[in-house]
Structure formats: C-alpha cells, structure tokens
Amino acid sequence: LGSDLTTLGLHLNSPESLYSTFSSPFADSPSRPQDIDYPVPQEYLIH
Amino acid sequence: LEDPPGLYEKVEYLLSEWVRHFHQPGLLRDGDKIYAAYVARLQQQGILKNDDLIQRFFRISMEMCVELCYRTLNDPVNGGMSRPKCYHTMDAFVKLVVVLVRYSGESSNTLAKVNLLNKVLLTVTQVLLADHEKRQVEFHQLPYHRFFIMILNDLCSPDPVFDAINFPVLQCFCTAYHMVRPSKAPGFAYTWLELISHRVFVSKLLLQTPQQKGWPLFHQLLIDVFKFLSPFLRNAELVKPTQTLYKGTLRVLLVLLHDFPEFLCDYHFSFCDVIPPNCIQMRNLILSAFPRNMRLPDPFTPNLKVELLPDIQNAPRILPAYIQLIIPDLKKNLDNYIKTRAPVTFLQELRGHLQISSEPGKQYNSSLINALVLYVGTQAIAFIHSKSGTPSPTTIAHTAHMDIFQHLVVDLDTEGRYLFLNAIANQLRYPNSHTHFFSCALLSLFAETNHEAIQEQITRVLLERLIVNRPHPWGLLITFIDLIKNPTYNFWKHDFVHCAPEIERLFESVAKSCM
Amino acid sequence: PLGPISLGQDKVYQLRMLESAYKHMPEPSDSEKVRPYLQRTPYPTPPYHPQHSPSHMDSYDFYQRLSIETLFFIFYYMEGTKAQYMAAKALKKLSWRFHTKYMTWFQRLEEPNTITDDYEMGTYIYFDYEKWAQRKKDGFTFEYRYLE
C-alpha cells in the first residue's frame, strides 16, 4: 500500500500551514483564494 | 408517532415563505427585522410551542429539502445546473436554523442555543440514516453535505454570539459526525471525510479551542475512519472506491503531520491499534510525527550517541489512557511478576491470555499485545531510571521486563511474534525515552536469541517499514542502522541476509543509504 | 504473516454502498457559497495556457503585483472570498480607498482644496464598476464617516 506521498498535491515543504488551503481529501491541489469563503466586511458584498 | 394532521402542509408553507425571504435582495441590510418577523410568525403558528413540534418542524423541513434535491438531481432537464438548484433551498434552510439558534433564548442564554443546535443536528442525522437505509445504493450525499458545511461555516464565522458557544458547537458537530460515521452510513463516507477535514473545522477543533479540548473529539473521528477502512486495507488489493477513501485519508494525515504533529504524537498508540499491521506507510506517517520545537539529529550521523540526546530521557504523552486495555487479572499478575520476577508459570500462561482463536490471521488480541508491550516497557524505563541508569543492552538485560519479552519472542508462533515485534517497532519514533528503550529491547532480542528465524523476523519487521515510500520514523532508522553497523549483532553473517541475490542487493542498498 | 481476511457481510454491504457513493463524489462547489459571477469548475483552456495556479498565488505579495484592473476584477467578481479580501488589501496599499456609501473605490488625484474632520473636497478618480473604467470626479466630497 506504499505510494509517493509527495504526489498527492500537497505542498509538504510549505512553510505555511496546509490546513488553511486544504480543499478536500479528494482534490489534487490546494484551494485557491477565490475558492475560500472569507468573512469580508459586509460592505464588500456589493451584489 | 405520526405528525399531527396539517403539520406537513403548514411546514411546507412556512418553509417556502422563508426561502422567498432568503433570496430577496436586501436581506443583508434588513436581516434582523426579517428574522424577528419570521420567528414571530413561527411562534404564532405554534411551531415553537414545544420540543416535539420543533423537532418535527426541522425533520419535515429537512426531508422536504432532501426530496427537492433528489428530484432536481434526477431531473435530466437541470443538467449542470442541478447543484446550484439544490443549494438554493438548502442554503435558505441552513440560514433559518442559524437564525433560530442565534435568536433562541436571551443572547446570554448559551444553553438554549446549544440545545437547539444539538436537536437540529441530531434530527438531520436521523433523516440521513433513514434516507440511507431506505434508498440504499440510490442514496445521495449532496443535501447533507451542503447542510453540514454551510451551517458549520455560518456558526464558525466571526460573531460575538457564536464565539461564546464555539466549543459546545464543535461538540455538537462531532457528536453528529460520529453518528453518521462511515461504518454507519458508508454511502456518506466521502463527504464525511471531507466534512471532518474541512479547514474551518480542523482549525477550530485542533488550533483555536483552548487547552486542546478539541483533540479527543477529533481523535474519535479519525478512529472512526480507520476502523471503517481497516478490513479493506488488511486485504491490500483495494478497489478504486476504497483506494480513493484511503488516499483521501492519507492527505488528511499529511496535513496533520505538517500542521499538528503533536496531535499525532499524542494519539499514535490508539491510531496504530486500529490501523492494520500491513498498512505500513500510513502507520509510518503517524509514527514519523515529532514535536515542531524538536530538531532531529541526522540518523545517519556516524557514531551518533542516542543516549546523550537532550530529549531522549523525556517520556512521550500517550493518549487516551491505554492501561485499561489490559484485563485487571492479567495486570495484577503482570505487576507481581515485574516486582518479584516470579512465578515462572506466569510466563508460561502469558500466551494463553493473548491468543483468542486458532483461526489463522485472527489468532491474537493485537490490542492487548500492544498495550502489554507498552506497559512493560514503561515499567522497565521507570525501573532503569530508578537506578539512575539509562536504557542500554546491559541495563535492560536480565530483568523481569526482558524476561517477558524474551519469553514471548520464543513462545509465540510466527503470527503472534509478528504482532509482538510490531508492537515494539511502533514505539520507534522521535527521540524520547520510549524510542530509546524499545530500540534497545528490539536489538537485545536480536542479540540474545539463538533462533535464526527470530532474528530474521525482527529484520523483516524493520525492513518492511523501511522499504515503503517515505516518511520513515527517526527511531526506526537509528535502530536499523545500529543493527547493520554494530558488530555486536553480527548482522551480515546471517544466512537470511544472503538468502537471495535481490535480498542481498536490497540490504546493501539500504546499508549504503545508511552509510 | 497475517494474510488477507474474508470480509464479513456487513463489510460487503459497506463496500457496495461505498461503490455507489463513488459514482457521485462531492464536488468543490458543494462546500462553497454560491458564486454568482464566476463558474466554479475551471474552464478548459488550451493546454499551452498555464493549467495550474502559481503556488504562491495566495500570498499578499502576489496580489500587490497585479494590475489595478485585475485587482478590481477580483474584488468585484470574487465576492465573499479570500481573493476579494486580498485584492482589497492590495488596492489600499496602492492608496485606493473603498467608500461604503458609494460602494466603489476612490483615489485622490491631488491635495484636496477643503479638508474638515468629516470630509475632503477635491478631485478624485474612482472606479466605475458599470463602465469598468476609471473616471475623474472634480469637486467630490469624500465623507470619512462612510469609510469602512
């Protein structure tokens, strides 16, 4: 059951934490900033 | 009990009215007014009169949202638009729950809010389990996924009311997630893993909750997924669906290894207890965790003096408590033997306690073996420290503790010995007193025995952990390096090292990487 | 030496349910608020276009080096996300200021001719979201109380 864990799409040597951009156990790449819901000031919710 | 006549229609009317409110522009601006008016409406309709009606209201509402989801997903007309349509109603329902939780009771009455949330989450889990049972392979995770993730996002967003009930909210979610764990709702397993590893959930539970109060809750959820996967992993040939869940679990563990290694360090024992022994890489991943403030010396450093390392004396934290896994009667006799090194019959009866069947592959209580090994080891360390010594082949020799290990390594059959040696190897982690003692113990067993088969099996147990892809625990590396380099063990003289050309090449390549 | 074990009835059932769930895996959009303005699934671009986002793209430094129009695009089209937040930070760093009453961004063109505790009267450029262009506004009163 061994595999190369560096190919799972996680930046394992990242100095930043991984959980904050972890998008899914089934995704091959981290979340992009535009994918992450964020508590922006109400005024920014223009629409 | 049946719903009171007319309740279904009333809920349907009220819910559709709410969905309209939710999607009208200006909700952001006039939200509070709209919420207050709607809650008054629910009161006037008698929906909030008592717990039973509240529960029915949420169950019927959730069932309606779920039904709508199934109809939308199954309607070919919707095609790619079916998901946003499902979100449309579910997001509104989630907002209604959040509003009711937020406004239930006085703003200071946190208990009322938490109780209501708990009631709703448990109602939703019951709807999920009933749906899972009814629809079987037609079950679809989408409506429940949307519900849980959106309500978690709302309740964890910065808000003074919700900030005050953060931990109880997380406890409600952990209770609900445990109720729909993969072994209870396998059709929900992928979403379940996605929910428990969601960035908001993980950071709230493992990072932002003070005194690590969230760690035991998250530990339980990981145990749930390991227990579900274990029988499939044991057979190694994974079908694609299982392999996908396994790979997903590896990703979650890699995030924990990178961001929360101390969590894996503390709970390694109970995780390794449920991960099947042949699942070597996943177990190595957990055993490779070490505290972030620790700097590991390069295991390949020539003449590395392990006993002089600053952290080597420190006992690692082992959570949760494992000693209760040793049946009281056995523990009493065990303590007695450790104290008096008698009677010899204790050793002879030991295997009988560990063996639970004669069916190959299932003969032994591996949890008991793991607990016994760890317990005897901790007692040995305490004994050595009481003599102001440090573990070494000489200080551990001829003690009650090593009597037990030496007896087991000879008395057990191949299967039992494999579990026993794995229990020892599972303690070879980062520099701490357990790693040090168990490394000495394993090498001592290798040196003291005159059964080549035992030496071969010890080598196999170490080797199979080394030849899988990284990561490899530090304690495993220093033990194997000592085994092949230290002339005491006469490693290269053994026939099994040269039993086949590829094995010989394998050892040489490992030895070369070690040198 | 443990060898395989036969799966019990319950595990066979669980595997069957897992296989059916595998046919409709969760999608990224299931976990995110509805994005009214940008489709969630990346549009299939020709292979010679960069297929993966640059690894440091969630860094503040990356946003600072984007063009003004790009920052405004991110701010207005990626509403409620971390990208919008980072774009707003970068715009402020480039001395743009968001006016909550007019819901748009302003930048002072020169020293205002009137400054009081509540407002600054002067010439500004602002970002006209409808026209998607920067426009000049003479004699505009920038009220402080509407600043976020």
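Protein chains in written order, with my numbering: chain A, -3 to 43; chain B, 337 to 851; chain C, -18 to 129. Note that CB positions come from ideal geometry on N, CA and C, so glycine has one too.
Helix, strand or coil at residue i [DSSP, three-state]
i: Tyr105 (chain C); result: strand
i: Phe79 (chain C); result: strand
i: Asp39 (chain C); result: helix
i: Thr95 (chain C); result: strand
i: His33 (chain C); result: coil
i: Val516 (chain B); result: coil
i: Lys470 (chain B); result: helix
i: Met67 (chain C); result: helix
i: Ala733 (chain B); result: coil
i: Asn9 (chain A); result: coil
i: Lys563 (chain B); result: helix
i: Ala525 (chain B); result: helix
i: Ala716 (chain B); result: helix
i: Glu792 (chain B); result: helix
i: Cys492 (chain B); result: coil
i: Pro479 (chain B); result: helix
i: Ala376 (chain B); result: helix
i: Leu72 (chain C); result: helix
i: Phe843 (chain B); result: helix
i: Arg753 (chain B); result: helix
i: Gly(-11) (chain C); result: coil
i: Thr2 (chain A); result: helix
i: Ile803 (chain B); result: coil
i: Ser440 (chain B); result: coil
i: Thr637 (chain B); result: coil
i: Asn650 (chain B); result: coil
i: Glu111 (chain C); result: coil
i: Ala23 (chain A); result: coil
i: Glu8 (chain C); result: coil
Sequence-distant residues of the same chain with beta carbon closer than 6 angstroms to residue i, five excluded per side
i: Asp602 (chain B); result: Arg653, Leu655
i: Tyr18 (chain C); result: Tyr58
i: Leu491 (chain B); result: Phe498, Val505
i: Pro767 (chain B); result: Leu645, Asp647, Ile648
i: Gly584 (chain B); result: Leu529
Contact belief for residue i with residue j at Cβ below 8 angstroms, rounded distance in angstroms
i: Tyr125 (chain C); j: Tyr105 (chain C); result: About 14 angstroms separates the two Cβ atoms, so there is no contact after all.
i: Leu478 (chain B); j: Cys401 (chain B); result: No, Leu478 (chain B) and Cys401 (chain B) are not in contact; Cβ-Cβ is about 11 angstroms, not under 8 angstroms.
i: Val460 (chain B); j: Phe483 (chain B); result: 6 angstroms
i: Leu590 (chain B); j: Phe599 (chain B); result: About 13 angstroms; that fails the 8 angstroms criterion.
i: Ile732 (chain B); j: Ala777 (chain B); result: 6 angstroms
i: Glu643 (chain B); j: Ser566 (chain B); result: Not really, about 37 angstroms apart at Cβ, beyond 8 angstroms.
i: Glu788 (chain B); j: Asp818 (chain B); result: That pair is no contact at about 19 angstroms.
i: Thr312 (chain B); j: Ile501 (chain B); result: Nothing about residue 312 (chain B) can be reported from this structure: the residues present for chain B run from 337 to 851 only.
Identified DSSP bridge partners for residue i
i: Glu124 (chain C); result: C:Tyr100
i: Trp86 (chain C); result: C:Phe79
i: Lys117 (chain C); result: C:Ile106
i: Tyr700 (chain B); result: B:Gln691
i: Thr62 (chain C); result: A:Asp33
Proximal residues to residue i (C-beta, below 7 angstroms), its chain only, five neighbours per side dropped
i: Tyr399 (chain B); result: Reading off the sequence, residue 399 (chain B) comes out as Glu, not Tyr. Cβ within range, chain order: Val463.
i: Pro93 (chain C); result: Glu101, Met102, Gly103
i: Leu661 (chain B); result: Ser703, Leu704, Ala707
i: Thr771 (chain B); result: Gln763, Leu764, Arg765, Gly811
Start and end residues, alpha helix (DSSP H) containing residue i
i: Gln617 (chain B); result: 616 to 623
i: Thr290 (chain B); result: The structure shown does not extend to residue 290 (chain B), since chain B is modelled only from 337 through 851, so no value can be given for it.
i: Cys405 (chain B); result: 387 to 410
i: Gly811 (chain B); result: 810 to 821
i: Val833 (chain B); result: No alpha helix (DSSP H) holds Val833 (chain B); DSSP gives it neither H nor E.
i: Phe358 (chain B); result: 343 to 359
i: His772 (chain B); result: 769 to 784
i: Gly550 (chain B); result: Run containing Gly550 (chain B): none; DSSP gives neither H nor E here.
i: Lys641 (chain B); result: Lys641 (chain B) -> no alpha helix (DSSP H), and no H or E assigned at all.
i: Thr45 (chain A); result: One cannot answer for residue 45 (chain A) here, as it falls past the ends of chain A, which runs -3 to 43.
i: Arg21 (chain C); result: Premise fails: Arg21 (chain C) is in no alpha helix (DSSP H) and is neither H nor E.
i: Val538 (chain B); result: 535 to 538
i: Tyr673 (chain B); result: 664 to 676
Any C-beta of chain F under 8 angstroms from that of residue i
i: Met(-2) (chain C); result: Absent here is chain F; the protein component of the structure consists of chains A, B and C.
Contacts around residue i, its chain only, beta-carbon distance under 8 angstroms, and the 5 residues preceding and following it disregarded
i: Pro35 (chain C); result: Phe43
i: Leu90 (chain C); result: Gly103, Thr104, Tyr105, Ile106, Lys117
i: Lys455 (chain B); result: Asp387, Ile390, Gln391, Phe394
i: Leu553 (chain B); result: Leu506, Gln507, Cys510, Leu541
i: Ile803 (chain B); result: Leu842, Val846
i: Glu800 (chain B); result: Ile616
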